[in-house]
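The block underneath contains the structure these notes are about, expressed in structure tokens.
There are 4 protein chains.
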Amino acid sequence: MNYLKAMTSIKVGIAGGTGYTGSELLRLLSGHPKAEICVVTSNSCTGKKIAVELPALTGQLSLSFEKTESDSFDGCDVVFSCLPHGASAELVAKASAQFPKTKFIDLSADFRLDGASYKQWYGGHDHPAPDLLSRAAYGLPELNRATIAKANVVANPGCYPTGALLALAPLAKLGLVSGPYIVDSKSGVSGAGKEPSRGAHFPDTNEALRPYNVGKHRHAPEIAMHLSAFAGKTASVSFTPHLVPMNRGILTTAYAKPAPGVTVEDIRAAYDKVYADEPFVHHVEEVDVKNVRGSNSAHVNAWQNGDFVVFASAIDNLVKGASGQAIQNMNLLFGHAEDIGLPKVGITP
Amino acid sequence: MNYLKAMTSIKVGIAGGTGYTGSELLRLLSGHPKAEICVVTSNSCTGKKIAVELPALTGQLSLSFEKTESDSFDGCDVVFSCLPHGASAELVAKASAQFPKTKFIDLSADFRLDGASYKQWYGGHDHPAPDLLSRAAYGLPELNRATIAKANVVANPGCYPTGALLALAPLAKLGLVSGPYIVDSKSGVSGAGKEPSRGAHFPDTNEALRPYNVGKHRHAPEIAMHLSAFAGKTASVSFTPHLVPMNRGILTTAYAKPAPGVTVEDIRAAYDKVYADEPFVHHVEEVDVKNVRGSNSAHVNAWQNGDFVVFASAIDNLVKGASGQAIQNMNLLFGHAEDIGLPKVGITP
Amino acid sequence: MNYLKAMTSIKVGIAGGTGYTGSELLRLLSGHPKAEICVVTSNSCTGKKIAVELPALTGQLSLSFEKTESDSFDGCDVVFSCLPHGASAELVAKASAQFPKTKFIDLSADFRLDGASYKQWYGGHDHPAPDLLSRAAYGLPELNRATIAKANVVANPGCYPTGALLALAPLAKLGLVSGPYIVDSKSGVSGAGKEPSRGAHFPDTNEALRPYNVGKHRHAPEIAMHLSAFAGKTASVSFTPHLVPMNRGILTTAYAKPAPGVTVEDIRAAYDKVYADEPFVHHVEEVDVKNVRGSNSAHVNAWQNGDFVVFASAIDNLVKGASGQAIQNMNLLFGHAEDIGLPKVGITP
Amino acid sequence: MNYLKAMTSIKVGIAGGTGYTGSELLRLLSGHPKAEICVVTSNSCTGKKIAVELPALTGQLSLSFEKTESDSFDGCDVVFSCLPHGASAELVAKASAQFPKTKFIDLSADFRLDGASYKQWYGGHDHPAPDLLSRAAYGLPELNRATIAKANVVANPGCYPTGALLALAPLAKLGLVSGPYIVDSKSGVSGAGKEPSRGAHFPDTNEALRPYNVGKHRHAPEIAMHLSAFAGKTASVSFTPHLVPMNRGILTTAYAKPAPGVTVEDIRAAYDKVYADEPFVHHVEEVDVKNVRGSNSAHVNAWQNGDFVVFASAIDNLVKGASGQAIQNMNLLFGHAEDIGLPKVGITP
């Protein structure tokens, strides 16, 4: 850490740094020109060297994990919370009261839904911080930049919703499509998290492919709510996720009928216009997760297919679908260009 | 080859034995109790030992590849044609004229569509054997058993159509669903064939995922035509195939609205009833390609999801989607139980 | 189950049927012409339908899991034990005393080493059944056929030892090589078992590759002990296993200096001679795990490389490396041809 | 491209930009703070937009491919040649004569061997530029920094030699080991290049694993020659490469006897000391290619195993094994810190 960087950089705290979103933040922030990683917490690894737990960081980070408690984040300009839902809202509520100048970017689901939906989909109890929830900004910069810039708490979007909304929301907003929407998403296995489980055990996952949680996945209400909000009208969404034998990437294939008179050329032209100045979102010919792997980029396209238009988007679920987007939000909150410190070129092959 | 088997067995010829469907026929037939592999042709490998070209067969087969011409199949009871479309119809036409007692099972697309659709989707020229085409049976035993049993030429279905039709056709026939149908299929890479290509090159395919040929895939008219035929009414189908980084397997996820008053429980009950006595098709809780890998089995299920019902089927594209189904058709043609010589248990992990 | 088969078939019991070796036994035995699966036990799934726990068996098996205790195996001609080491020896000891006519094939490590090595490598305590241990046969039929045929307890070899011994032991026995041997083995992930763990979690295992347990793997003494026994002289073995991102397969690459005057051609000729009549082991040009996948076959070859000869073998770790070899042993014990009911052709692709 | 960067940056040319090493250079250089990509050539894609051919670069690069001829590189400070061997030496010879101030970093094999070995291993003809060859520096900065800094032509090392030499050369130089060396390397499939081939076709490569070119691989003499050179004594090397079903990464497992009295602790201490100040090479506990994926880092460790010491190294074959090391050499040639613009943290998962 050179002196100059330390003087001018954003002091960053990470709550829950051992999971995949936490370690991805560490990967990306360790090369960020304006961020200084000051504290990383983990209750399961408190006191252990981060670079021993996460050997990819060998030589890059000398910190050890601290205990996850609000006091740990004293002095931080921004805190990324990678805690599980429930625990995350509690930490953010407590720490934001304690450190009112600190910004919070929550990678859990705790600030993405309204109170009623949260209660319905996340365990049946009231939201632990309804006041904060009402002031949190939904952190999809391409669609919500102005609101995010002024927020103290940013709800970093879910991975599936990021993919679905980048493909559909601008079109819905422009009235080019109106639903009902079928969203058929295919995710790499890192979306299942770092904890070993039957559903992500290599021999049961490799050379395997299945839909899961059909009609029951918690990202379904998130997609419907924000698609409705961006469109200004209620959107009906049938969301079906699938698990694909690859580490990273979400391909979203969505189906809807275009508005009367709207052609697929109109839709492609809308993509071109809406995303013309975006550093990360591009309208491309072939939409393949490989082209965005490891990067914060998103690719979209659309095709006519019988009565329906097929929309596709590709993102890296851990970058644009999680930690990269969180850093994009951080850049935005602190007045930097949104793309600093974030890879834009996918790692192919 | 013991004497008894040779005396009573079906004498088999395979045209085009070096590709994936050909080698899969060899794998399956080498253990079939009632089949004797008599001749295997390949123009690219004429004269070479089969077990040298296909080392998995080491110790199991002493034959060499012969030239692909109708004369090669003299004495065969059945010929499987694994030639490319066009070439396949020509061989079948010539050989069936020459050997009128021989049965033909065509794994190409040449006998799957009607003449007009064939001309439209396969190169713009008239079908080379329209008379044979009109008498060929569509070889999906679970839906077309009686017709197949009497045919001399069987059109073995495409891999995607097999998956889509097993999930949808019985329901459409019963009037439980009526479309329009969205068919979102995900295939392993062996579906692309054995010839190396950019689209199936390992480093460009592994950790990659993309839709391809959207609105243009040749299996689209095959699905629509036979779904319409089995249902007795015109079916509108939007078909979108995807390439998934795994060797084998097709997961088909389809979306349609149920007929008025029909519930997902009705649909599941229909699966149970229709497939109750089938040796290969089963209604299961979780539909995953891993559970049918290497076998001729197919798994199906359905779920409610918003306004739509989601239908899923899983097959091994090279077995139930190609060579296994071809052998099932052979068993049927020769009066054997349909399941002899065919694996029914998927290889997991 | 038809009546005739039940009358003449081998009545099979499986202890511990939910793991990978157990479910692989079920896959293979469900199509075996001379075996009848009578009882399958699992303490974690007692009372549950086998085909619900293992959906690949849907339609093939109506049994439920029973409790694992020696009484469960009353009436069995043969019992395969897939229990963990320690528990396996206890069950075999108790059940073999109770049912003296029953044969036992133990897939754990409990009967593979001598008592002293067992104590050293498996937990520090004395072997629970030293008398049985002294009479158990090491179940590698190609090298130990006569002894196996007369045994009541067969120690089914470890997966790595099977690969290493098929490549090296016949040569050592003939004096063509004498060591020290370097054995560099690469295994698919199913070798880690069915229990989810950090080391087999898909996102941490796919696109990953590492040596593990270097100098400490429990298969090292098994290789050294049996290589020494077959060769008739002490063999020094340095064994290093690696975990490769694939489901199945072990490729063993071994290095040793040939005996003075011995060429690689002599070694290849020895493979040809020794394995000439074997149904499962073949000397081939290219050694690739894909060519034996899903089958009980093993492929071997050797090359000169500088001062050393490089030996390679390929097996499917769950078939020839576990359950397939166990069935081969069963066939041998009951006087059948060793290859009945066992696939010999690898599933490619 | 901002004005300031253009004014002070290294003007870069790339010959042969469509292959994997070329596109990896583009990925890495597009984010390099001191490099400006000025010209990229490709004879197969001349005139086409780079970002259309390589969609991962969408939005990052507006250049089109130019024809590959020496004139194209007028004005470049450095040229990376990614041409095939033979063609590369010819271009470098011609262009270096034409532009004497330009530096050349050759990613082909043309400047890695001496003239006699080149003739023996690369086609039987004399080296096309023997004079340049004699002055080229072997571009492994950790072992040859001082020589590289003064060179005009840098021979970027092969991927396998990079992995083997980082593990063995410092130890050989210190006399801790002396060989003979067994080098058993396992590579991801991107090492086979971008051209589709039978050996890298997805269905024939996934779930497959094999040694290849045993005793015949062209990296064998490169390892032996430079290991000998760094050690100051002739090294005997038996090199066996394997193809592993993953995109990137080389794990090298090497075996040798330590010098008398040398322990594995001495070897680990030597790694710690030799690599203490290196930005990219680290002695770690667990050596896994996943921890260096996408980065220019290399991890090494060693273990005792019977009579031998086992050495392991992990690199990303396209970064430290090719394009990343080439940029490290560029940084060195132009007096920058070696690590600028290069990722140091592996992408996990």
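Just so you know, the protein sequences line up as chains Z, D, W and U, in that order.
Each residue of the first sequence is one higher than the one before, starting from 0 at the first, in numbering that gives the first Met the number 0.
Each residue of the second sequence is one higher than the one before, starting from 0 at the first, in numbering that gives the first Met the number 0.
Each residue of the third sequence is one higher than the one before, starting from 0 at the first, in numbering that gives the first Met the number 0.
Each residue of the fourth sequence is one higher than the one before, starting from 0 at the first, in numbering that gives the first Met the number 0.
Backbone N, C-alpha and C fix where the C-beta goes; we use that ideal spot for every residue, glycine too.
(request) Report the option in H31(Z), H126(Z), C158(Z), A150(Z) whose CA atom is closest to the CA atom of K100(Z). (result) On the first sequence, position 101 is the one that residue 100(Z) refers to. Checking every option, the nearest Cα to that of K100(Z) belongs to A150(Z).
(request) Flag this pair as yes or no: are the beta carbons of S87(Z) and S80(Z) separated by less than 8 Å? (result) The count along the first sequence starts at 1 and reaches residue 87(Z) at position 88. The count along the first sequence starts at 1 and reaches residue 80(Z) at position 81. Yes, the Cβ-Cβ distance between S87(Z) and S80(Z) is below 8 Å.
(request) Jot down the residue ranges of each uninterrupted alpha helix (DSSP H) in the segment 196-236 of chain D, minimum 4 residues, whole runs only, in chain order. (result) 201-204, 218-230
(message) Using 8 Å as the threshold, is the C-beta distance between N316(W) and S186(W) below it?
(response) Here residue 316(W) is taken as the residue at index 317 of the third sequence, counted from 1. Here residue 186(W) is taken as the residue at index 187 of the third sequence, counted from 1. Contact flag set, yes.
(message) Closer than 8 Å is the cut-off here; do at least three beta carbon pairs connect the segment 234-241 of chain Z with the segment 274-291 of chain Z?
(response) no
(message) My parser needs the beta strand (DSSP E) runs of 3 or more residues fully inside the segment 168-192 of chain W; what are they?
(response) 180-186
(message) Using the three-state DSSP reduction, which class does N300(W) fall into: helix, strand or coil?
(response) Reading the third sequence from its first residue, position 301 is the one you call residue 300(W). N300(W) falls in the strand class under three-state DSSP.
(request) For the segment 237-252 of chain W, enumerate the residues whose C-beta is nearer than 8 Å to any C-beta of chain U, in chain order. (result) Those would be S237, F238, T239, H241, V243, P244, M245, N246, R247, G248, L250, T252, in chain order.
(message) For P140(D), would you say it is in contact with chain U, using Cβ-to-Cβ distances shorter than 8 Å as the test?
(response) Within the second sequence, residue 140(D) is the residue found at index 141, counting from 1. So, not an interface residue.
(message) So for I147(Z), helix, strand or coil by DSSP?
(response) Mapped onto the first sequence, residue 147(Z) falls at position 148. Note: I147(Z) maps to helix in three-state DSSP.
(message) Does the CB of R144(U) have a neighbour CB from chain D at under 8 Å?
(response) Residue numbering aside, residue 144(U) sits at position 145 when the fourth sequence is read from its first letter. So no, R144(U) is outside the interface.
(message) Rounded to the nearest angstrom, what separates P127(Z) and W120(Z) at their Cα positions?
(response) Along the first sequence, one-based indexing puts residue 127(Z) at 128. Along the first sequence, one-based indexing puts residue 120(Z) at 121. Cα to Cα, P127(Z) sits roughly 14 Å from W120(Z).
(message) Please list, in chain order, the chain W residues whose beta carbon lies closer than 7 Å to that of V188(Z).
(response) In the first sequence, residue 188(Z) corresponds to position 189, counting from 1. Near V188(Z) (Cβ distances below 7 Å), the residues of chain W are F201, P202.
(request) Run the CB neighbour count on P32(D), radius 10 Å, all protein chains shown included, and call it buried at 16 or more, exposed below. (result) Mapped onto the second sequence, residue 32(D) falls at position 33. P32(D) is exposed by the Cβ-count criterion.
(message) For a cutoff of 8 Å on Cβ pairs, would you count S41(W) as touching chain Z?
(response) As a position in the third sequence, residue 41(W) is number 42, starting the count at 1. Output row for S41(W): interface = no.
(request) Report the residues of the segment 202-227 of chain Z with a CB closer than 7 Å to any CB of chain W, ordered along the chain. (result) P202, T204, N205, E206
(request) Could you say which of P169(W), C44(W), P54(W), V38(W) lies nearest to T347(D) if we only look at CA atoms? (result) Numbered from 1 along the second sequence, position 348 holds the residue referred to as residue 347(D). Considering only alpha carbons, the answer is P54(W).
(request) May I have the straight-line CA-CA distance separating T57(W) from G323(D), to the nearest angstrom? (result) Here residue 57(W) corresponds to residue number 58 of the third sequence, with the count starting at 1. Here residue 323(D) corresponds to residue number 324 of the second sequence, with the count starting at 1. Going from the Cα of T57(W) to the Cα of G323(D) covers about 18 Å.
(request) Mind the definition here: the segment 264-274 of chain D touches the segment 163-182 of chain D only if three or more C-beta pairs lie below 8 Å; say whether that holds. (result) yes
(request) Enumerate in chain order the residues of its own chain whose CB-to-CB distance from L341(Z) is below 7 Å, with the five nearest sequence positions on each side excluded. (result) The sequence position of residue 341(Z) within the first sequence is 342, counting from 1. Excluding positions up to five away in sequence, the list reads L27, N295, G323, I326, Q327.
(message) Given this structure, state the Cα-to-Cα distance separating K10(W) from A34(W), to the nearest angstrom.
(response) To locate residue 10(W), count along the third sequence from 1; it is residue 11. To locate residue 34(W), count along the third sequence from 1; it is residue 35. One C-alpha to the other measures close to 6 Å.
(request) List the residues of chain Z whose Cβ lies closer than 7 Å to the Cβ of S322(W), in chain order. (result) Here residue 322(W) refers to the residue found at position 323 of the third sequence. In chain order: nothing, as chain Z lies at least about 14 Å away.
(message) Which residue marks the beginning of the beta strand (DSSP E) containing G12(U), and which one marks its end?
(response) Taking the first residue of the fourth sequence as position 1, residue 12(U) is located at position 13. From DSSP, the beta strand (DSSP E) with G12(U) extends over 9-14.
(request) State yes or no: is the beta carbon of R292(Z) nearer than 8 Å to at least one beta carbon in chain D? (result) Your numbering for residue 292(Z) matches position 293 in the first sequence. Cβ-Cβ to chain D under 8 Å: yes for R292(Z).
(request) With DSSP as the reference, label T252(W) as helix, strand or coil. (result) Reading the third sequence from its first residue, position 253 is the one you call residue 252(W). Note: T252(W) maps to strand in three-state DSSP.
(message) Ignoring anything shorter than 3 residues, give me the beta strand (DSSP E) runs that lie fully in the segment 57-107 of chain U, in order along the chain.
(response) Scanning the segment 57-107 of chain U from its first residue to its last, the whole beta strand (DSSP E) runs of 3-plus residues come out as 77-80, 102-105.
(request) For P54(U), name the three-state secondary structure that DSSP assigns. (result) Counted from its first residue, the fourth sequence places residue 54(U) at position 55. If DSSP states are grouped into helix, strand and coil, P54(U) belongs with the helices.
(message) Taking a contact to mean a Cβ-Cβ separation below 8 Å, would you say N42(D) touches L106(D) in this structure?
(response) Position 43 of the second sequence, counted from the start, is the residue given in the question as residue 42(D). Position 107 of the second sequence, counted from the start, is the residue given in the question as residue 106(D). In this structure, L106(D) does not lie closer than 8 Å to N42(D) by Cβ.
(message) Suppose you measure from the CA of K4(D) to the CA of A135(D); what does that come to, to the nearest Å?
(response) For the purposes of this step, residue 4(D) is taken as the residue at position 5 of the second sequence. For the purposes of this step, residue 135(D) is taken as the residue at position 136 of the second sequence. Unreliable positioning characterises K4(D) in this predicted model, as indicated by a pLDDT of 48, which lies under 50. The coordinate reading is nonetheless provided below. K4(D) and A135(D): Cα-Cα distance of roughly 30 Å.
(request) Closer than 6 Å by C-beta to L24(D): which residues in its own chain qualify, once you throw out the five before and the five after it? Chain order, please. (result) Here residue 24(D) refers to the residue found at position 25 of the second sequence. So the qualifying residues of the chain are I13, F79, S322.
(message) Whole angstroms are fine: how far does the CA of G334(D) sit from the CA of Y2(D)?
(response) Residue 2(D) sits at position 3 when you count from the first residue of the second sequence. Residue 334(D) sits at position 335 when you count from the first residue of the second sequence. Any reading at Y2(D) must be qualified, since the residue scores a pLDDT of 45, below 50, and its modelled position is unreliable; no value is offered.
(message) Under DSSP, the alpha helix (DSSP H) around A269(U) begins and ends at which residues?
(response) As a first step, residue 269(U) must be located in the fourth sequence, where it is residue number 270. 263-273 is the extent of the alpha helix (DSSP H) around A269(U).
(request) Indicate the three-state DSSP secondary structure (helix, strand or coil) for N19(U) in the structure shown. (result) By one-based count along the fourth sequence, residue 19(U) stands at place 20. Strictly speaking, residue 19(U) in this sequence is Tyr, with Asn absent from that position. Note: Y19(U) maps to helix in three-state DSSP.
(message) Just to make sure I have the definition right: I need the residues of chain D whose C-beta is within less than 7 Å of the C-beta of Q59(W). Which are they?
(response) Residue mapping note: residue 59(W) aligns to position 60 of the third sequence, counting from 1. Within chain D, the residues near Q59(W) are K343, V344.
(message) M224(D) and P244(Z) - do their beta-carbons sit closer together than 8 Å?
(response) Along the first sequence, read from residue 1 onward, the residue named residue 244(Z) stands at position 245. Along the second sequence, read from residue 1 onward, the residue named residue 224(D) stands at position 225. Going by C-beta atoms, P244(Z) is not nearer than 8 Å to M224(D).
(request) Enumerate in chain order the residues of its own chain whose CB-to-CB distance from S352(W) is below 7 Å, with the five nearest sequence positions on each side excluded. (result) Not covered by the structure: residue 352(W). The range shown for chain W is 0 to 348.
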